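All remarks here apply to the structure that follows.
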Amino acid sequence: MAGRTVTRADLSEAVYQRVGLSRTESSALVEAVLTEICDCLVRGETVKLSSFGSFVVRDKGERVGRNPKTGVEVPIEPRRVMVFKPSNVLKGRINGETVQGD
Amino acid sequence: MIKSELVARIAERNPHLYQRDVENIVNAILDTIADALTRGDRVELRGFGAFSVKSRDARTGRNPRTGETVEVGEKAVPVFKTGKEMRARLNAEKAPAPPVRARA
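Next up, the structure:
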């Protein structure tokens with residue numbers, strides 16, 4: 230299963246091929262899209278991308294963790310994490326099914 | 379923020395592009411990620427995070443409403459792991475924001 234790794238360069242190439250902007254501008258726009266999504270999440274806002282999935286920011290409370298090697302208890306500070314919830318369309322696509330709607 | 383709002387914001391900052399172009403750009407990005415995952419490839423976006431696909435074994439599930447057992451076949455699920463810089467940014471309210479945009 231494990232194949233290659235897709236990176237920003239591949240996303241820029243796809244934009245270049247599909248939209249017909251210059252390569253420089255394509256990569257700048259890929260960056261702009263990612264930055265906009267990141268900034269939104271940092272503000273604590275949910276980002277919903279229909280037929281792809283949504284990114285949600287969750288607040289985690291403090292809890293007691295343990296160093297698995299030494300067994301020493303350590304407090305895990307309250308923190309903010311981001312989770313990705315894939316849409317049914319994306320899940321279906323990955324499993325080779327066609328799913329309608331979100 | 380939903381996809382159309384994302385498109386509107388990017389279009390606002392790039393007045394030389396049509397909204398339709400920006401829509402195509404966003405879709406090209408999302409489709410490329412989805413296609414990669416469909417092939418079983420990994421997608422790594424430094425500063426943001428990485429998408430990969432994990433396979434889940436077949437299992438015997440239960441319909442929570444009726445209690446009936448159902449066979450759930452083997453399937454692949456997309457997973458996302460938040461990148462280091464993104465994780466730091468989410469928790470950086472007090473500390474100064476780390477440099478996130480490594481590239482222009």
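Going down the list, the sequences are from chains U and B. Take any residue in the first sequence, note its place counting from 1, add 229, and you have its number in my numbering. Take any residue in the second sequence, note its place counting from 1, add 378, and you have its number in my numbering. Think of the CB as a built atom: it goes at the ideal place given N, C-alpha and C, for glycine as much as any other residue. Since we're looking at a predicted model, the values are computed, not measured.
Using a cut-off of 8 angstroms between C-beta atoms, extract the partners of residue i located in chain U.
i                : result
Arg434 (chain B) : Within 8 angstroms Cβ-Cβ: nothing; Arg434 (chain B) doesn't reach chain U, min ~10 angstroms.
Glu422 (chain B) : Thr234, Val235, Thr236
Arg387 (chain B) : Glu265
Looking at residue i: is its Cβ nearer than 8 angstroms to the Cβ of residue j?
i                : j                : result
Gly439 (chain B) : Gly461 (chain B) : no
Lys277 (chain U) : Pro456 (chain B) : no
Thr410 (chain B) : Asp268 (chain U) : no
Glu291 (chain U) : Glu306 (chain U) : yes
Ser280 (chain U) : Ser256 (chain U) : no
Val448 (chain B) : Ala436 (chain B) : no
Gly232 (chain U) : Gly418 (chain B) : yes
Arg420 (chain B) : Thr234 (chain U) : yes
Ala389 (chain B) : Leu395 (chain B) : yes
Pro229 (chain U) : Gly294 (chain U) : Past the edges of chain U, shown from 230 to 331, lies residue 229 (chain U), and the structure says nothing about it.
Name the DSSP bridge partner or partners of residue i?
i                : result
Lys277 (chain U) : U:Ser283, B:Ile380
Ala428 (chain B) : B:Glu422, B:Lys459
Gly294 (chain U) : U:Val303
Arg437 (chain B) : B:Val450
Met311 (chain U) : U:Val286
List the residues of chain B that residue i touches, going by C-beta distances under 9 angstroms, in chain order.
i                : result
Ile266 (chain U) : Met379, Leu384, Phe426
Could you list which residues in chain U have their beta carbon closer than 7 angstroms to that of residue i, in chain order?
i                : result
Arg443 (chain B) : Correct list: empty, because the minimum Cβ distance to chain U is about 19 angstroms.
Arg417 (chain B) : Gly232
Listing by chain order, which chain B residues have their CB less than 7 angstroms from the CB of residue i?
i                : result
Arg308 (chain U) : Asn469
Arg247 (chain U) : Asn402, Ala406
Val303 (chain U) : None at all; the shortest Cβ gap to chain B is about 17 angstroms.
Going along chain B in order, which residues have a C-beta closer than 8 angstroms to the C-beta of residue i?
i                : result
Lys277 (chain U) : Met379, Ile380, Lys381
Below 9 angstroms on C-beta distance, what does residue i contact in chain U?
i                : result
Ala414 (chain B) : Gly232, Arg233, Thr234, Val235, Asp239
task: Take every Cβ of the segment 234 to 250 of chain U, pair it with every Cβ of the segment 388 to 403 of chain B, and state whether three or more of those distances are shorter than 8 angstroms.
output: Touching, yes, given that three or more Cβ pairs across the two stretches are closer than 8 angstroms.
task: Note down, in chain order, all residues in the segment 279 to 293 of chain U with a beta-carbon under 7 angstroms from any beta-carbon belonging to chain B.
output: Within the segment 279 to 293 of chain U, those residues whose Cβ lies closer than 7 angstroms to any Cβ of chain B are, in chain order, Ser279, Phe281, Val286.
query: What residues in the segment 447 to 464 of chain B have a beta carbon less than 7 angstroms from any beta carbon of chain U?
result: Within the segment 447 to 464 of chain B, the residues whose Cβ lies closer than 7 angstroms to some Cβ of chain U are Lys453, Ala454, Val455, Pro456, Phe458, Thr460, Met464, listed in chain order.
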